[in-house]
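> Residue numbers (the working numbering), protein chains in the order written: chain W, 16 to 105; chain H, 16 to 105; chain G, 16 to 105; chain L, 16 to 105.
Note that the Cβ used here is the ideal one computed from N, Cα and C, for glycine as well.
Quick caveat, the model's predicted, so the values are computed rather than measured.
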């Protein structure tokens, strides 16, 4: 699993790409090239999300499901379904 | 949670809608209307998947994570990540 | 571009796969395998949609945009944006 | 249609949200909250893309399709299909 610093580096890189798209807009670059860059940023965010979800599954979800608190188990499962449904709508 | 029969009814309905799209193609209906029908079928499949995932989380995932088999825990978590990554690519 | 018959064959195949998923539910097959089959059907629908969109772009969109009717041009562009926004939400 | 400045403001806001997610990671905030913020940024990028696509359809696509250059018409249609296929995979 990635470290916190590796996750932050991913976000720094994404931030830089967003600034790059700003320059493309400023310099009236070809629309399709701008769209393609934006889609690349979205893929990078998707990858970031997948790594965070892995940390969550290994951490909080495992702890909650192994606990004797049925309410906690239900909560983390409901949350996972929300994340699944929202992310498949992006 | 939905019963097996309710899940099967959802699939029967989806099957019917796919046949409906076939008729639209056969009768040269407007392309955008065909595309919109297809997107509706995809949403229905997404909803079906979400219900199946809920059953999976409540069943196999909970059983595996509460077990003493670290390998099983790792397996179901890896599977969940694959489902998450594939579904966000549709 | 694909013929009408080729498009219909794609839909027939999709229909068959949906029935296959029904059998998997009936026979209590592993949830993740059911989800993976459903995601494959969604990808097939996506491919079908892309072919229909190509026909639309080559046909109605080109005819409308090359016409002298500004209203028609606006209509097909608005429709394309709706298709783009809806499909990126699936 | 939005002005260039409005598009740039959208990107500035997205950039700010990405920095916000960095802080959440730094402060070990709850994983699901981080994921939800990232999904919100993806939706904002999707909206940005839709506006850029509208500009493209109104501009370059209309100019190319109304031209007598069949090759240009084919090129912009192929590009639109690529954008459609890539964005539905995000």
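In terms of alpha-carbon separation, which member of L/82, L/104, L/29 lies closest to residue 61 of chain W?
By 1-based counting over the first chain, the position of residue 61 of chain W is 46. Nearest of L/82, L/104, L/29 to residue 61 of chain W, Cα basis: L/104.
> Just curious, the alpha helix (DSSP H) that residue 21 of chain G is in, first and last residue?
Within the third chain, residue 21 of chain G is the residue found at index 6, counting from 1. Here the alpha helix (DSSP H) through residue 21 of chain G covers 19-41.
> Taking Cβ-Cβ distances below 9 angstroms as the criterion, which residues of the stretch 42-65 of chain W are in contact with chain L?
Listed in sequence order: 43, 45, 46, 47, 49, 50, 51, 53, 54, 56, 57, 58, 60, 61, 63, 64.
> Verify the CB distance criterion: does residue 36 of chain H have a CB-CB separation below 8 angstroms to chain G?
The residue labelled residue 36 of chain H in the question sits at position 21 within the second chain. Answer yes: the Cβ-Cβ gap between residue 36 of chain H and chain G drops below 8 angstroms somewhere.
> Going residue by residue through the stretch 63-89 of chain W, where are the continuous alpha helix (DSSP H) segments of at least 4 residues, counting only ones entirely within it?
77-80, all fully within the stretch 63-89 of chain W.
> Using a Cβ-Cβ distance under 8 angstroms, would residue 77 of chain H count as near chain W?
Locating residue 77 of chain H in the second chain gives position 62, counting from the first residue. Answer yes: the Cβ-Cβ gap between residue 77 of chain H and chain W drops below 8 angstroms somewhere.
> Could you tell me which of W/81, W/102, W/53, W/91 sits nearest to residue 12 of chain L, measuring between CA atoms?
Chain L is shown from 16 up to 105; residue 12 of chain L falls before or after that span and cannot be answered.
> Helix, strand or coil for residue 51 of chain W per DSSP?
As a first step, residue 51 of chain W is located in the first chain; it is residue number 36 there, counting from the start. Reduced to three states, the DSSP call for residue 51 of chain W is helix.
> Taking the alpha carbon of residue 93 of chain H as the point to measure from, which residue in W/78, W/66, W/24 has its own alpha carbon closest?
Locating residue 93 of chain H in the second chain gives position 78, where the first residue counts as 1. When each option's Cα is compared against that of residue 93 of chain H, the closest is W/66.
> When the Cα atoms are used, what is the spatial distance from residue 97 of chain W to residue 68 of chain H?
Within the first chain, the letter at position 82 stands for residue 97 of chain W. Within the second chain, the letter at position 53 stands for residue 68 of chain H. Rounded to the nearest angstrom, the two C-alpha atoms are 11 angstroms apart.
> Please determine if the stretch 28-39 of chain L and the stretch 29-46 of chain W are in contact, where contact requires at least 3 C-beta pairs separated by less than 8 angstroms.
Contact between the stretch 28-39 of chain L and the stretch 29-46 of chain W is present, because at least three Cβ pairs lie under 8 angstroms.
> Distance check for residue 91 of chain L and residue 84 of chain L, CA to CA, integer angstroms please.
Locating residue 84 of chain L in the fourth chain gives position 69, counting from the first residue. Locating residue 91 of chain L in the fourth chain gives position 76, counting from the first residue. If I take the Cα positions, the gap works out to 11 angstroms.
> Could you tell me how far apart the beta carbons of residue 22 of chain L and residue 63 of chain L are, in whole angstroms, since I believe they sit closer than 8 angstroms?
The residue given as residue 22 of chain L occupies position 7 in the fourth chain. The residue given as residue 63 of chain L occupies position 48 in the fourth chain. Their Cβ separation, rounded to whole angstroms, is 7 angstroms, which keeps residue 22 of chain L and residue 63 of chain L in contact under 8 angstroms.
> Sorted by chain position, which residues of the same chain lie with C-beta nearer than 8 angstroms to residue 16 of chain G's C-beta, five sequence neighbours on each side aside?
Locating residue 16 of chain G in the third chain gives position 1, where the first residue counts as 1. So the qualifying residues of the chain are 66, 69, 70, 73.
> Does the CB of residue 69 of chain G have a neighbour CB from chain L at under 8 angstroms?
Start at 1 with the first residue of the third chain, and residue 69 of chain G comes out as number 54. Interface residue, yes.
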